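Trainee:
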Amino acid sequence: MSDLIQRLCDAIENGQAMDPEDLSTFIQHVAARTLSVEHITQWLRTVHKNGISSKDTVLLTKGMMHSGAVLTWDPERLIADKHSTGGVGDKMSLMLAPALAACGVEVPMLAGRGLGHTGGTIDKLEAIPGFSCELNPAQMQTIVDDVGCCIAAQNEAIAPADGLLYAIRDVTNTVDSIPLITASIVSKKAAEGLKALVLDVKCGRAAFMTTHDDARSLAASMVGAAKGLGIQTIAQITDMNEPIGSNVGNALEILESIEVLNGRGSADTVNLVAMQGGALLMLLGLAKDQHAGEEKIISSLKNGKAALRFERMCVAQGVAKETASQLMASPHAVLPRAKHITHLLVEGDGFVEGIDAMTLAEVARTHGAGRFKLEDTIDAAVGFVLSRSKGDRVITGQDWLEIHHNQPLTEQQNKALMGALTISKRPILPLQRLIEIVE
Ligand code: URA
Numbered sequence: 001m002s003d004l005i006q007r008l009c010d011a012i013e014n015g016q017a018m019d020p021e022d023l024s025t026f027i028q029h030v031a032a033r034t035l036s037v038e039h040i041t042q043w044l045r046t047v048h049k050n051g052i053s054s055k056d057t058v059l060l061t062k063g064m065m066h067s068g069a070v071l072t073w074d075p076e077r078l079i080a081d082k083h084s085t086g087g088v089g090d091k092m093s094l095m096l097a098p099a100l101a102a103c104g105v106e107v108p109m110l111a112g113r114g115l116g117h118t119g120g121t122i123d124k125l126e127a128i129p130g131f132s133c134e135l136n137p138a139q140m141q142t143i144v145d146d147v148g149c150c151i152a153a154q155n156e157a158i159a160p161a162d163g164l165l166y167a168i169r170d171v172t173n174t175v176d177s178i179p180l181i182t183a184s185i186v187s188k189k190a191a192e193g194l195k196a197l198v199l200d201v202k203c204g205r206a207a208f209m210t211t212h213d214d215a216r217s218l219a220a221s222m223v224g225a226a227k228g229l230g231i232q233t234i235a236q237i238t239d240m241n242e243p244i245g246s247n248v249g250n251a252l253e254i255l256e257s258i259e260v261l262n263g264r265g266s267a268d269t270v271n272l273v274a275m276q277g278g279a280l281l282m283l284l285g286l287a288k289d290q291h292a293g294e295e296k297i298i299s300s301l302k303n304g305k306a307a308l309r310f311e312r313m314c315v316a317q318g319v320a321k322e323t324a325s326q327l328m329a330s331p332h333a334v335l336p337r338a339k340h341i342t343h344l345l346v347e348g349d350g351f352v353e354g355i356d357a358m359t360l361a362e363v364a365r366t367h368g369a370g371r372f373k374l375e376d377t378i379d380a381a382v383g384f385v386l387s388r389s390k391g392d393r394v395i396t397g398q399d400w401l402e403i404h405h406n407q408p409l410t411e412q413q414n415k416a417l418m419g420a421l422t423i424s425k426r427p428i429l430p431l432q433r434l435i436e437i438v439e
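By my numbering, the letter at position 192 of the sequence shown is numbered 192, and the numbering carries on one by one without gaps.
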């Protein structure tokens, strides 16, 4: 095995292409868990240090995609999905999958749990009593056949090579490598058997990629790899300085999503869902352009069709029928609620210049909305409801933040949250989420 690793590492260090057969053998051994951690670490460190070409990134992604089950569908079916690099209040998948299903697109979505300060779609769904994300590939296919969408937790059946590579990257400081991130994300999405993919690459203080240049490089790399595997792909680079929509925290994000699915909710959230869904409808030829795609997604939210798909998905994934219908009609009665709600008030007159998403995420995580260690349990009720956003005119004494918590708030947390709101005397333009499109 040492010879194989040495050949691969030599090629990378010399800026040459890796031998495709060697690379494929390496990935198979990673998936079968027949390589030592030391050998895998040597290869990861070499890629992390030197990078690899976009051609090798496609080969790596393809190999990882085929390291486990790959969902297959009749060629005429319109199978699509999205991936987000993770944000604060990023609940888009909860609305996007059913909205797309209502528009004739099928979505076999694999999603993750919270990573670092960002929340995970699976943790959010598990705030719904009975909701199970533990689906095997056959169950995913059955639910998509029946409902049009499902949301399953990433598991060892799909792209198992990524499971081990990611775990080793995490403890060897090799996570932040564009080709490794690309192969990790795109291999799992490609194994869903997609025709089209939209990538939401977050950019800002509360994102994985803090600078526009880094976000653009990651977007270009992921678009290149996904297209190299024959998937029509578009990336949207979006702002991740301000929290998304009105609610942050697992159960509170389900609540906001149901508002949106019922034709109401925050304009920021509706616009992001429409932007992602609109791009997919355009790529799949179901809309003549982005705008027409967005209109279709918004109609599905207004006419109740997306809500119906969401309710059916809940039932297909283990929620009792009565609970699912009560969830759609009065979500407060079904979802966990925090013991305490503390209100923060605006101090000073002017315009909201910004609300620091990272500060909110860190406090929420300390109160149990996210994890510090893999084995930490989530407190689904913890989070925030924001009643102001960037550009709003505010006056002293107005409510701007509800803190939902079960543990006492410390003086320091209170201060940090008050500092998250900055007010300007001069008018501020509302937030522009979309920064750039990469195709
Ligand atoms: N999410 C993933 O699934 N993989 C990465 O490498 C980074 C984020």
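C-beta atoms are modelled at their ideal positions from N, C-alpha and C, and glycine is treated no differently.
Everything numeric in this text was worked out from a predicted model, so none of it was measured.
Looking at the strands, I want to know which residues DSSP matches up with cysteine 149.
Mentor: Within the sequence shown, residue 149 is the residue found at index 149, counting from 1. Beta-bridge pairing links cysteine 149 to Val107.
Trainee: Would you mind listing the beta strand (DSSP E) stretches within the segment 212-241 that are 3+ residues and don't spill past its ends, in chain order?
Mentor: Listed in chain order, the complete beta strand (DSSP E) runs (minimum 3 residues) inside the segment 212-241 are 232-239.
Trainee: For valine 421, count neighbouring Cβ atoms within 10 angstroms of its own Cβ and tell me buried if that reaches 16, exposed if not.
Mentor: Position 421 of the sequence shown, counting from 1, holds the residue named residue 421. Checking the sequence shown, residue 421 turns out to be leucine, not valine. With 16 or more Cβ atoms within 10 Å of its Cβ, leucine 421 is classed as buried.
Trainee: Taking the straight line between their C-alpha atoms, what separation do you get for glycine 193 and isoleucine 128?
Mentor: As a position in the sequence shown, residue 193 is number 193, starting the count at 1. As a position in the sequence shown, residue 128 is number 128, starting the count at 1. About 28 Å.
Trainee: Based on Cα-Cα distance, which residue from Gly148, Ser2, Gln16 and His83 lies nearest to leucine 308?
Mentor: Against the sequence shown, residue 308 aligns to sequence position 308. With distances taken between Cα atoms, leucine 308 lies closest to Gly148.
Trainee: Could you check what DSSP says for histidine 481 in three-state terms: helix, strand or coil?
Mentor: For the chain, the structure presents residues 1 to 439; residue 481 sits outside this window and is missing.
Trainee: So leucine 479 and isoleucine 181 are in contact, right, with Cβ under 8 Å, and what is the actual spacing, rounded?
Mentor: Nothing can be reported for residue 479, as the shown portion of the chain is limited to 1 through 439.
Trainee: Classify lysine 189 as buried or exposed, calling it buried when 16 or more other Cβ atoms lie within 10 Å of its own Cβ.
Mentor: As a working note, residue 189 is residue 189 in the sequence shown. Classification for lysine 189: buried.
Trainee: Contact defined as beta carbons within less than 8 Å: I believe lysine 124 pairs with isoleucine 254. What is the distance between those atoms, to the nearest angstrom?
Mentor: Translated into positions along the sequence shown, residue 124 becomes position 124. Translated into positions along the sequence shown, residue 254 becomes position 254. So it is a contact: roughly 6 Å between Cβ atoms.
Trainee: Less than 7 Å between the CB of isoleucine 237 and some heavy atom of ligand 1, yes or no?
Mentor: Counting from one through the sequence shown, the residue named residue 237 turns up at place 237. Every heavy atom of ligand 1 is 7 Å or more from the Cβ of isoleucine 237, so no.
Trainee: Terminal residues of the continuous alpha helix (DSSP H) containing aspartate 162?
Mentor: As a first step, residue 162 must be located in the sequence shown, where it is residue number 162. Taken as a continuous stretch (DSSP letters only), the alpha helix (DSSP H) holding aspartate 162 covers 160-172.
Trainee: If you measure from the CB of valine 147, is any heavy atom of ligand 1 nearer than 7 Å?
Mentor: In the sequence shown, the residue the question calls residue 147 occupies position 147. No, the beta carbon of valine 147 sits no closer than 7 Å to any heavy atom of ligand 1.
Trainee: Do glycine 383 and glycine 249 have their C-beta atoms within less than 8 Å of each other?
Mentor: Numbered from its first residue, the sequence shown carries residue 383 at position 383. Numbered from its first residue, the sequence shown carries residue 249 at position 249. In contact: glycine 383 and glycine 249 (Cβ atoms closer than 8 Å).
Trainee: With a Cβ-Cβ cutoff of 8 Å, do glycine 350 and isoleucine 423 count as a contact?
Mentor: Working through the sequence shown from its first residue, we reach residue 350 at position 350. Working through the sequence shown from its first residue, we reach residue 423 at position 423. Cβ distance < 8 Å, so glycine 350 and isoleucine 423 count as in contact.
Trainee: Roughly how far, in whole angstroms, is the beta-carbon of methionine 65 from the beta-carbon of alanine 159, given that I think they are within contact range, below 8 Å?
Mentor: Counting from 1 along the sequence shown, the entry for residue 65 is found at position 65. Counting from 1 along the sequence shown, the entry for residue 159 is found at position 159. Indeed they touch by this definition, with Cβ atoms about 6 Å apart.
Trainee: I'd like to confirm the pairing. Which residues does DSSP put opposite isoleucine 341 in its beta bridges?
Mentor: The count along the sequence shown starts at 1 and reaches residue 341 at position 341. Answer is His404, bridged to isoleucine 341.
Trainee: Below 8 Å, can you find three or more Cβ-Cβ pairs linking the segment 355-369 to the segment 398-417?
Mentor: Cβ pair count under 8 Å is three or more, so yes.
Trainee: Tell me which same chain residues have a C-beta within less than 6 Å of the C-beta of glutamate 294, skipping the five on either side of it?
Mentor: Position 294 of the sequence shown, counting from 1, holds the residue named residue 294. Only Ala274 and Gly278 meet the Cβ criterion.
Trainee: Could you tell me whether the Cβ atoms of alanine 111 and alanine 153 are closer together than 8 Å?
Mentor: Walking along the sequence shown from the start, residue 111 turns up at place 111. Walking along the sequence shown from the start, residue 153 turns up at place 153. In this structure, alanine 153 lies closer than 8 Å to alanine 111 by Cβ.
Trainee: Would the segment 81-92 count as touching the segment 112-122 if we require 3 or more Cβ pairs under 8 Å?
Mentor: Contact holds: three or more Cβ-Cβ distances are below 8 Å.
Trainee: For the alpha helix (DSSP H) containing glutamate 38, list its first residue and its last residue.
Mentor: Residue numbering aside, residue 38 sits at position 38 when the sequence shown is read from its first letter. Glutamate 38 -> alpha helix (DSSP H) spans 37-50.
Trainee: If I follow the unbroken beta strand (DSSP E) through glutamate 375, where does it start and stop?
Mentor: One-based indexing of the sequence shown puts residue 375 at position 375. No beta strand (DSSP E) contains glutamate 375, which DSSP labels as neither H nor E.
Trainee: Within the continuous alpha helix (DSSP H) that includes glycine 318, where are the two ends?
Mentor: The residue you call residue 318 lines up with position 318 of the sequence shown. No alpha helix (DSSP H) holds glycine 318; DSSP gives it neither H nor E.
Trainee: Using the Cα positions of glycine 130 and aspartate 145, report the straight-line distance between them to the nearest angstrom.
Mentor: Numbered from 1 along the sequence shown, position 130 holds the residue referred to as residue 130. Numbered from 1 along the sequence shown, position 145 holds the residue referred to as residue 145. Approximately 21 Å, taken between the alpha carbons.
Trainee: Quick one: does the C-beta of serine 184 sit closer than 7 Å to a heavy atom of ligand 1?
Mentor: The residue you call residue 184 lines up with position 184 of the sequence shown. For ligand 1, at least one heavy atom lies less than 7 Å from the Cβ of serine 184.
Trainee: Drop a sphere of 10 angstroms on the beta-carbon of asparagine 247, count the other beta-carbons inside from all chains shown, and report buried for 16 or more, exposed for fewer.
Mentor: Residue 247 sits at position 247 when you count from the first residue of the sequence shown. It counts as buried.
Trainee: Buried or exposed, going by whether 16 or more other CB atoms sit within 10 Å of the CB of glutamine 317?
Mentor: As a first step, residue 317 is located in the sequence shown; it is residue number 317 there, counting from the start. Buried.
Trainee: Using alpha carbons as the reference points, say which of Met95, Gln16, Asn155 and Leu8 lies closest to histidine 69.
Mentor: Working through the sequence shown from its first residue, we reach residue 69 at position 69. As written in the sequence, residue 69 is alanine, which differs from the histidine given in the question. Of the listed residues, the one whose Cα sits closest to alanine 69 is Asn155.
Trainee: Proline 108 and leucine 261 look like a contact to me (Cβ under 8 Å); what is the Cβ gap, rounded to whole Å?
Mentor: Along the sequence shown, read from residue 1 onward, the residue named residue 108 stands at position 108. Along the sequence shown, read from residue 1 onward, the residue named residue 261 stands at position 261. The pair is not a contact, with the Cβ atoms about 20 Å apart (cut-off 8 Å).
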